[in-house]
Amino acid sequence: MDKNTITGIILIFAIFIGFSLYNSSRNNKSFEKIIAVADSLYAKGDLENARAEYINSLRFKPNQPEAIARVNEINQRLGLVPQPQTADSVAPEPVTIETSENIIPGIPLPGDQYGVFTHTATGENDFITLENDKVELNISLKGGRVYSARLKEYVTYDSRPLVLFSGDSTIFGFNFFTGDNRAIQTNNLFFTPESDIKSFDASSQPMSVILRLKAGDEKYIEYKYTLAPGKYMVDFDVTFKSLEDVVASNLNSITLDWRMYIPQQEKGRQNEENYATIKYKYYQDDVDGLRLRSNKDTETADITTKLRWVAFQDQFFSSVLISNDFFLNGLVSSTKTPASEKYIRYYTSEAGVPFNPGTSSTIGLKWYFGPNHITTLRKEGLDLEELVFLGKNIIGWINRFVIIPVFNWLDNYIGNYGLIILILTILIKIVLFPLTFKSYQSQAKMKVLKPMVDELAKKFPKKEDAMKKQQATMDLYKRAGVNPMGGCLPLLLQMPILFAMFRFFPVSIELRQEHFLWATDLSTYDSILNLPFKIPLYGDHVSLFTLLMTASTLITMKMTGSSPGQDQPGMKMMTYMMPVMFMLILNNFSAGLTYYYFLANILTYFQNLLSGRFIDENAVLSRLEDNRKKPVKKSKWQQRLEEAARQRGIKPPKR
Numbered sequence: 001m002d003k004n005t006i007t008g009i010i011l012i013f014a015i016f017i018g019f020s021l022y023n024s025s026r027n028n029k030s031f032e033k034i035i036a037v038a039d040s041l042y043a044k045g046d047l048e049n050a051r052a053e054y055i056n057s058l059r060f061k062p063n064q065p066e067a068i069a070r071v072n073e074i075n076q077r078l079g080l081v082p083q084p085q086t087a088d089s090v091a092p093e094p095v096t097i098e099t100s101e102n103i104i105p106g107i108p109l110p111g112d113q114y115g116v117f118t119h120t121a122t123g124e125n126d127f128i129t130l131e132n133d134k135v136e137l138n139i140s141l142k143g144g145r146v147y148s149a150r151l152k153e154y155v156t157y158d159s160r161p162l163v164l165f166s167g168d169s170t171i172f173g174f175n176f177f178t179g180d181n182r183a184i185q186t187n188n189l190f191f192t193p194e195s196d197i198k199s200f201d202a203s204s205q206p207m208s209v210i211l212r213l214k215a216g217d218e219k220y221i222e223y224k225y226t227l228a229p230g231k232y233m234v235d236f237d238v239t240f241k242s243l244e245d246v247v248a249s250n251l252n253s254i255t256l257d258w259r260m261y262i263p264q265q266e267k268g269r270q271n272e273e274n275y276a277t278i279k280y281k282y283y284q285d286d287v288d289g290l291r292l293r294s295n296k297d298t299e300t301a302d303i304t305t306k307l308r309w310v311a312f313q314d315q316f317f318s319s320v321l322i323s324n325d326f327f328l329n330g331l332v333s334s335t336k337t338p339a340s341e342k343y344i345r346y347y348t349s350e351a352g353v354p355f356n357p358g359t360s361s362t363i364g365l366k367w368y369f370g371p372n373h374i375t376t377l378r379k380e381g382l383d384l385e386e387l388v389f390l391g392k393n394i395i396g397w398i399n400r401f402v403i404i405p406v407f408n409w410l411d412n413y414i415g416n417y418g419l420i421i422l423i424l425t426i427l428i429k430i431v432l433f434p435l436t437f438k439s440y441q442s443q444a445k446m447k448v449l450k451p452m453v454d455e456l457a458k459k460f461p462k463k464e465d466a467m468k469k470q471q472a473t474m475d476l477y478k479r480a481g482v483n484p485m486g487g488c489l490p491l492l493l494q495m496p497i498l499f500a501m502f503r504f505f506p507v508s509i510e511l512r513q514e515h516f517l518w519a520t521d522l523s524t525y526d527s528i529l530n531l532p533f534k535i536p537l538y539g540d541h542v543s544l545f546t547l548l549m550t551a552s553t554l555i556t557m558k559m560t561g562s563s564p565g566q567d568q569p570g571m572k573m574m575t576y577m578m579p580v581m582f583m584l585i586l587n588n589f590s591a592g593l594t595y596y597y598f599l600a601n602i603l604t605y606f607q608n609l610l611s612g613r614f615i616d617e618n619a620v621l622s623r624l625e626d627n628r629k630k631p632v633k634k635s636k637w638q639q640r641l642e643e644a645a646r647q648r649g650i651k652p653p654k655r
């Protein structure tokens, strides 16, 4: 790189660091100003406005403990929604979230509001465990819902048990009206177990937990959970027994309300947030979902057609609610939770469930609590493998039908994923070598012609002669039989592979928490140095694989030499700036991805060395000189044009 290029790179880094420091200082000032207003309102007893200001301050410092503590205190004094909690700790409430429909989860309505269900409004909140070798479910008697779901074969990035969701903040229940117009929310009512057993182990044979919400003698709503050995799928049957005189007779559907907070499971929060979304499958149709990487705080979708399932997912794990028949419609939303490091999303789903009032009405459902592992999901059917986003169109096809089969085949014989990525890269480069060689041939021809192109530049040094220079250069290429863009087409044909790998590595659960060299987890970024500040776009750490990728890219570009147009002002600088921009962007991405790009660059370097042995530049120059001396064969169209010009007395230009 020349002096100007190095100076430009240094200036860009200085701008990024300076902007980071300026932005941090501005955030501190804004935070202090808002906190002063909030403290003043709090001292005056204006709790509602004080709470709003404290929440506003968290936009500038999302994890400020004093502000979060003050919001939680005000929430308790105002009797607002209870904060989410887990079995072993109480977490700060994600204060930006509000519940709707004027239903306060966990707080039963007073008096005789529940009619025949009034006696179930209070009770002992006990738990029943249903587990097998894959998953452990804690089922709460309050609401009869799954209180927590732990995946036994996985742990979080900090080696804690991996719990998909847990705590009183999770809502699951049916909302409907009785015949005397009473609003019932089963999530707030206490179920009764049909067995005194507190723990069911389904490791060797299927086991079921049966809970009933009683409305009188032989009148009840029954939840039946059934778990089989080695399965992530849970059968969930809901039966309305002898409630024809309780449920409103004009109901043909009831609302299924499901809400939960999604905790952070991975080290790279940015990567996890990029793939956290809600997906749903249309009945007998395709899979769709909320937009990934949305800039909005809340994304919603009002689905007016039938659905087969709804999935709350993060980067590597999902909770999926499946209907054996269909849901009539759905309303889903995903809200970011910047006020707490513990949670990345708050998901809600309201689905219409077909209901036929009668002596006995059963709703057949299923739960999937498990990993976003393509093979596992494919075995369950229902297009659940679409939960893993591998790209659209040709990108997705390459991943599904080429990359994943080869990766899985290598996984059967090799236990080290760093070696698997190396072998996969070698195989890809071998397949693409004909295109790479074609590109190198074109570059070699351009390199031979460069002195002649430089002579033309000296012949037309003035700016006003730029058009003449371009025409003369193109005429040189034409006479030499060289296409200046000949090296681009082979590279363009390789681009789908490049983008396919970009999609594959960040969602490959096989790489999760797999060590290789200095990288402790190939599914997220590697770090050799943690910075005391955060650089916009780049982050607060230094990824060695990303640095190696950038350095190898620059070396490979230097080796291949100049390409057409690179001698124009600013183009050379732009060429070298692209790898630097990729370094800034990919610093937070999967170490497996940057490791692959680094290997691809190294193999390209050696392929170019090998290609150079088969290309004699003197022979190429001799062939080009012969081509230049040959008369240019004119097309029939050009011949007709010149003949028409001669008939009109116009002489064609001499060459």
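For the sequence shown, position 347 (counting from the first letter as 1) is numbered 347 according to my numbering, and the numbering increases by one without interruption. For glycine and all other residues, C-beta sits at the position ideal for the given N, C-alpha and C.
| Item | Value |
| --- | --- |
| Are the CB atoms of residue 313 and residue 157 within a distance shorter than 8 Å? | no |
| CA-CA distance, residue 545 and residue 407? | 21 Å |
| For residue 162, I'd like the list of residues in its chain whose CB is within less than 7 Å of its CB, leaving aside the five on either flank, ordered along the chain. | 150, 151, 154, 155, 156, 265 |
| To the nearest angstrom, how far is the alpha carbon of residue 381 from that of residue 69? | 45 Å |
| Does the Cβ-Cβ distance between residue 600 and residue 473 come in under 8 Å? | no |
| Helix, strand or coil for residue 606? Go by DSSP, reduced to three states. | helix |
| Quick one, are the C-beta atoms of residue 224 and residue 242 less than 8 Å apart? | no |
| Would you say residue 47 and residue 74 are within 8 Å of each other, going by their C-beta atoms? | yes |
| Does residue 389 come out as helix, strand or coil in the three-state DSSP assignment? | coil |
| Inspect the CB distances between the stretch 282 to 293 and the stretch 252 to 262 and report whether three or more fall short of 8 Å. | no |
| For residue 396, which residues of its own chain have a beta-carbon under 7 Å away from its beta-carbon, when the five flanking residues on both sides are left out? | 390 |
| What residues match up with residue 530 in a beta bridge as DSSP calls it? | 541 |
| May I ask whether a heavy atom of the ligand SAH can be found less than 7 Å away from the beta carbon of residue 458? | This structure simply doesn't include the ligand SAH, nor any ligand for that matter. |
| When you compare the CB positions of residue 147 and residue 370, do they come within less than 8 Å of one another, or not? | no |
| In this structure, what does DSSP give as the bridge partners for residue 185? | 175 |
| When DSSP builds the beta bridges, which residues end up paired with residue 233? | 368 |
| Could you tell me the distance, in whole angstroms, from the CA atom of residue 325 to the CA atom of residue 270? | 36 Å |
| On the three-state DSSP scale, how would you describe residue 547? | helix |
| I need the boundaries of the alpha helix (DSSP H) containing residue 247, first residue and last residue. | Careful: residue 247 lies outside any alpha helix (DSSP H) and carries neither H nor E. |
| According to DSSP, residue 311 sits in a beta bridge with which residue or residues? | 279, 320 |
| DSSP three-state label for residue 701, please. | The chain is shown only over 1 to 655; residue 701 falls outside these bounds and no answer can be derived. |
| Which residues does DSSP pair with residue 260 in a beta bridge? | 347 |
| Could you spell out the range, first to last residue, of the alpha helix (DSSP H) harbouring residue 196? | First-last for residue 196: undefined, no H or E at that position. |
| By the three-class DSSP mapping on this structure, what secondary structure does residue 272 have? | helix |
| Would you mind stating whether residue 498 and residue 317 have Cβ atoms separated by less than 8 Å? | no |
| Taking the alpha-carbon positions, what's the residue 88 to residue 72 distance? | With a pLDDT of 41 at residue 88, under the threshold of 50, the modelled position of that residue is not reliable, and the figure given next carries that caveat. Spanning the two alpha carbons is a distance of roughly 19 Å. |
| For residue 100, is the classification buried or exposed, using 16 other Cβ atoms within 10 angstroms of its Cβ as the cut-off for buried? | Model confidence at residue 100 stands at a pLDDT of 39, short of 50, so the residue's coordinates are unreliable; what they give is reported in the following sentence. Burial call: exposed. |
| Can you check whether the C-beta of residue 545 is within less than 8 Å of a C-beta belonging to chain C? | Any reference to chain C falls outside this structure, which holds one protein chain only. |
| How would you write the range of the alpha helix (DSSP H) that residue 408 sits in, first residue to last? | 404 to 411 |
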